[in-house]
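Residue numbers (my numbering): 38 to 157.
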């Protein structure tokens, strides 16, 4: 009878371990695009991670960049908001770099940015 109880207790212990060993859920890794989108993604990533030295641009619309970078900063997860300050990049990005940064943030953090209005 004691052997039966020990076997029963052991099986309960083993069952709890097996049931508790499920996978850990969490955020997925972004699917890195291919082709030209891949280049755009990596340029945006390099800008986001401050791996590129940026200099003041003479022919940029600083107000437009301020607005877009503030919106991007507000869209980031809280951990990233503390790590980067995107509005500091205002006036230092070309249009291509700003679009790459927006693209990277959309893909990496799964954020849907509003459509840009087209000028007539």
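By construction, the Cβ of each residue, glycine as well, lies at the ideal position given by its N, Cα and C atoms.
Cα-Cα separation between residue i and residue j, rounded to whole angstroms
i           : j           : result
residue 119 : residue 39  : 59 Å
residue 79  : residue 141 : 7 Å
residue 100 : residue 87  : 22 Å
residue 72  : residue 81  : 15 Å
residue 84  : residue 133 : 11 Å
residue 111 : residue 148 : 11 Å
residue 116 : residue 95  : 32 Å
residue 107 : residue 121 : 12 Å
Residue of the options minimising C-alpha distance to residue i
i           : options               : result
residue 97  : 150, 137, 129 and 136 : 129
residue 125 : 149, 93 and 150       : 93
Close Cβ partners of residue i (< 6 Å) along its chain, the five nearest in sequence each way excluded
i           : result
residue 91  : 129
residue 109 : 123 and 142
residue 137 : 77, 80 and 81
Cβ shell of residue i (< 7 Å), same chain only, five flanking positions each side left out
i           : result
residue 114 : 146
residue 89  : 83
Beta-carbon proximity list for residue i, same chain, < 8 Å, skipping 5 on both sides
i           : result
residue 102 : 126, 127, 128, 130 and 135
residue 217 : The shown model of the chain, from 38 to 157, leaves out residue 217, and the question about it has no answer.
residue 139 : 81, 105, 109 and 150
residue 74  : 140
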